[in-house]
Each structure stands twice: as structure tokens, then as C-alpha cells.
Amino acid sequence: MIDIQASIARYLRDSGHSFIHLKAVLFDMDGVLFDSMPYHADAWVASMAKYDLPMTREVAFLNEGRTGMNTIAMIYKEKYGVEPSKELVDRIYEDKCQEFSKHPEPERMPGAYELIQQLQADGITPVLVTGSGQYSLFERIDRVYTGMFAHDKMVTAYDVHHGKPHPEPYLMGLQKAGVQANEAIVIENAPIGVQAGIAAGIFTVAVNTGPLKPEVLLNEGANLLYPSMQALCDGWQELKKALGIEH
Numbered sequence: 000m001i002d003i004q005a006s007i008a009r010y011l012r013d014s015g016h017s018f019i020h021l022k023a024v025l026f027d028m029d030g031v032l033f034d035s036m037p038y039h040a041d042a043w044v045a046s047m048a049k050y051d052l053p054m055t056r057e058v059a060f061l062n063e064g065r066t067g068m069n070t071i072a073m074i075y076k077e078k079y080g081v082e083p084s085k086e087l088v089d090r091i092y093e094d095k096c097q098e099f100s101k102h103p104e105p106e107r108m109p110g111a112y113e114l115i116q117q118l119q120a121d122g123i124t125p126v127l128v129t130g131s132g133q134y135s136l137f138e139r140i141d142r143v144y145t146g147m148f149a150h151d152k153m154v155t156a157y158d159v160h161h162g163k164p165h166p167e168p169y170l171m172g173l174q175k176a177g178v179q180a181n182e183a184i185v186i187e188n189a190p191i192g193v194q195a196g197i198a199a200g201i202f203t204v205a206v207n208t209g210p211l212k213p214e215v216l217l218n219e220g221a222n223l224l225y226p227s228m229q230a231l232c233d234g235w236q237e238l239k240k241a242l243g244i245e246h
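Below, the structure written as C-alpha cells:
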């Protein structure tokens with residue numbers, strides 16, 4: 000059973016804030032809004048194998064949320080002990096994007112659309128914070144989540160110098176939303192995304208939509224853990240009440 004009140008109390012104690020006044024929810028994309036991570040994992044394994052770089056599906060899930068460029072550089076440096084050239088990184092990332100495009104379009108994550116509808120009904124702003132640099136990102140968000148995410152309230156791989164687990168993406172998300180850390184929550188499904196949200200000082204809700212053990216997300220500091228986006232959607236009214244939102 001999820002003890003929401005205790006989780007909020009711990010966050011307030013550790014952060015030094017006296018309350019959470021929720022105005023914005025910062026969403027990761029892959030594995031939160033779209034059931035796309037299995038395709039990404041397969042694309043990473045296939046593209047990295049072409050360059051004799053070791054990459055497993057588990058490593059892909061553990062590093063979800065990291066920018067593609069940083070993922071490639073990390074794996075390359077682990078094997079060769081030096082940084083790869085920008086030209087090589089660009090080539091590998093292009094291959095990875097092509098591999099990803101061979102898959103069917105990912106389905107919307109069950110519960111995500113309905114959750115955002117509830118947020119909007121409460122006057123809470125949804126903000127996209129993703130490590131993705133996929134070319135079709137805006138078009139797909141606009142088509143599948145029509146009217147829900149304003150482009151000026153999106154943070155992508157091209158907006159930041161430091162990707163997750165660095166806090167910069169979520170700090171930029173706060174800035175674009177025009178809110179403070181205690182006026183937002185983060186929704187993440189990836190370990191390094193949880194790290195980024197916590198490092199930014201934001202109450203971070205993990206949703207375990209992949210194959211990772213729940214402890215992996217909790218050990219990274221997640222303030223709350225739900226087993227799926229649908230569970231979070233179904234539990235939103237209870238969380239909303241605990242956060243003191245009156246609408």
C-alpha cells in the first residue's frame with residue numbers, strides 16, 4: 000500500500016519546503032506517455048552491434064532518459080577508454096533512429112491521456128521533459144496528445160547541455176512552466192530520470208512501466224512508486240487530495 004502522506008512529509012522535511020502547491024506536472028516521454036521503450040531497447044542493441052559496441056536491453060532500460068549522444072559516448076568510452084568523435088556519435092545515433100523507425104508507432108501508455116485530462120481539469124500545466132531528439136517528436140505529441148503540451152513548455156535533448164541524470168532538464172522544465180520546485184511534480188519511469196528529478200529538488204513519482212525491479216527506482220530516491228501509469232491515473236484523486244489541491 001502506498002503511504003502518500005508519509006512520502007510527502009519526507010519530501011518536505013528533506014527539501015526544506017513547508018508545502019507543495021502544485022501548478023505543473025513534468026512528464027518524461029518514453030515509457031511514460033508512450034509504450035516505446037521496448038522498441039528503443041531493440042534499436043539500441045541492433046545499432047550498437049553494427050559498431051561492435053556492447054549494449055543489452057537491460058542497459059538500455061537502465062539508461063533510459065539519457066540523451067542518445069551521451070549514451071553512445073558512455074558505452075564507447077567504457078569499451079575503448081577514450082571519447083568517440085562527434086562524427087562517429089552522429090553516425091551511430093542516426094543508425095539508432097533508423098532502427099527505431101522500423102518498428103510500428105508506439106501506442107499511448109494506458110492511463111496517460113486520462114491522467115492529463117484530470118490535470119487540465121484542475122488547472123495544472125503538463126510539461127514534457129525528455130532526453131529524446133527524435134525528429135518526429137513534436138508531430139507525434141501533437142497528434143496523440145492533441146492540445147495537451149505547448150511547444151514552449153517542452154524540454155528535449157536539443158535544449159540542454161547536460162542530459163539526465165543531471166538536474167538541468169527538470170530545472171529547465173520548471174523555468175519553462177514558470178514555477179518553483181515545490182510547485183511541480185515529476186513523473187518518471189527511468190532510474191536516471193528519477194535521479195534528475197530528485198537532484199532538481201522536485202517531488203518525483205516513479206511509474207514502473209518496464210522490466211526493472213521496483214527497488215531500482217526506489218533506491219534512486221523516488222518519493223512515490225506506482226506499478227503503471229494506469230495505477231497513477233486511477234490514484235490521482237487520492238494523490239491530489241494528499242497534496243491539498245482543491246478544485
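Residue numbers (numbering that gives the first Met the number 0): 0 to 246.
The C-beta atom is built at its ideal place from N, Cα and C for all residues, glycine as well.
Just so we're clear, the structure is a prediction, and the values are computed from it rather than from any experiment.
{"Query": "Cβ neighbours of Val159 in the same chain (closer than 7 Å, five flanking residues each side left out)", "Result": "Glu167, Pro168, Met171"}
{"Query": "Uninterrupted alpha helix (DSSP H) stretches inside the segment 72-116 (no shorter than 4 residues)", "Result": "85-100"}
{"Query": "Integer-rounded CB distance, given that Ser135 should sit under 8 Å from Asp29", "Result": "In fact, because the Cβ distance is near 13 Å, the residues do not count as touching under 8 Å."}
{"Query": "Residue range of the unbroken beta strand (DSSP E) whose run includes Ala205", "Result": "202-206"}
{"Query": "Residue(s) in a DSSP beta bridge with Glu187", "Result": "Ala205"}
{"Query": "Beta-carbon contacts of Pro226 that lie in its chain and below 6 Å, excluding the five residues immediately before and after", "Result": "Asn207"}
{"Query": "Delimiting residues of the alpha helix (DSSP H) encompassing Ala176", "Result": "167-176"}
{"Query": "Limits of the beta strand (DSSP E) - the one that Phe148 falls within", "Result": "First-last for Phe148: undefined, no H or E at that position."}
{"Query": "Short Cβ contact (8 Å threshold) for Ala183 with Val24", "Result": "yes"}
{"Query": "Burial state of Phe18 (16 or more Cβ within 10 Å)", "Result": "exposed"}
{"Query": "Phe26, DSSP secondary structure in three states", "Result": "strand"}
{"Query": "8 Å contact criterion, which Ser46 and Asp94 should meet: CB distance rounded", "Result": "4 Å"}
{"Query": "Beta carbon of Thr55 nearer than 8 Å to that of Asn62", "Result": "no"}
{"Query": "As assigned by DSSP and simplified to three states, the class of Phe33", "Result": "strand"}
{"Query": "Counterpart residues of Thr124 in DSSP-defined beta bridges", "Result": "Ala23"}
{"Query": "Contact the segment 4-19 vs the segment 198-212: 3+ CB pairs below 8 Å", "Result": "yes"}
{"Query": "Option in Lys163, Gln174, Asn181 with minimal Cα separation from Ala189", "Result": "Lys163"}
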